[in-house]
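Numbering (our numbering), first residue to last: 1329 to 1519.
The beta carbon of each residue, even a glycine, is placed where N, CA and C say it ideally should be.
Structure, as structure tokens:
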Amino acid sequence: MNFTDYLQLFENILQDADPKAPYNNPDYLNYTKLNWSRQQRWLKTGVITDAMATAVKNITTLQQWVIITEPWCGDAAHIVPFLYKIAALNPLITIDIQQRDTAPFLIEQYLTNGTKSIPKLVIRDGDGNDMAIWGPRPAGCQVLYNKLKEEKADFERMKIELQQWYNEDKGKSLQAELQEVLTQVQKVSLA
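So this is what it looks like as structure tokens:
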């Protein structure tokens, strides 16, 4: 689905009087409501760095960015809006959003240490060949996540500290990492 369809899916979940699993669980529905707000905030206020804009505008061949995600995913609420805004800078990039928990279960091909961690960005060339994979979160955020897991932090603490990390970072780490990925992809496609 494209980004507009993804937003509609999000809204349909939030407006459904009798949501389907997992959104029939009040916790999932509440995460999704929070994620909608976070996503909308980044769509309005997220700033694309000049370096990122230059890197994406330098793409000269067709690319498809496959984003594997779900509306309930907290990391995705902070990442997917930036991916959308970045891709929108170059008409050679199309976005295809795939749900992690819906067939054809594309995530099975892109596991992180054996887990279905999302969001995942798969950058493909015009022929559908994978050129790069990124995700599920920026390296600095992953360090924090791993530390919290080692400390056996409860979910509430994890949620708050990760949220604070994303708020303070403002998408800069994601963009720096993605800029490096795009630079490598560009070198390969020009070779």
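R1452 is bridged by DSSP to Q1392 and D1458. Rounded to the nearest angstrom, the Cβ distance from M1329 to I1425 is 5 angstroms, consistent with a contact under 8 angstroms.
Between the alpha carbons of T1360 and D1429 lies a distance of about 15 angstroms. With 16 or more other CB atoms across the displayed protein chains lying within 10 angstroms of its CB, V1394 is buried. Going by beta carbons, L1390 and D1458 fall outside the 8 angstroms limit. Sequence-distant Cβ neighbours of Y1494 in its own chain, meaning closer than 6 angstroms and more than five residues away, are H1406.
In the structure shown, I1488 falls within a helical segment according to DSSP collapsed to helix, strand and coil. Ranked by how close their Cα comes to the Cα of L1371, the residues L1335, I1341 and T1388 have L1335 in first place. In the DSSP assignment, T1397 forms a beta bridge with Q1427.
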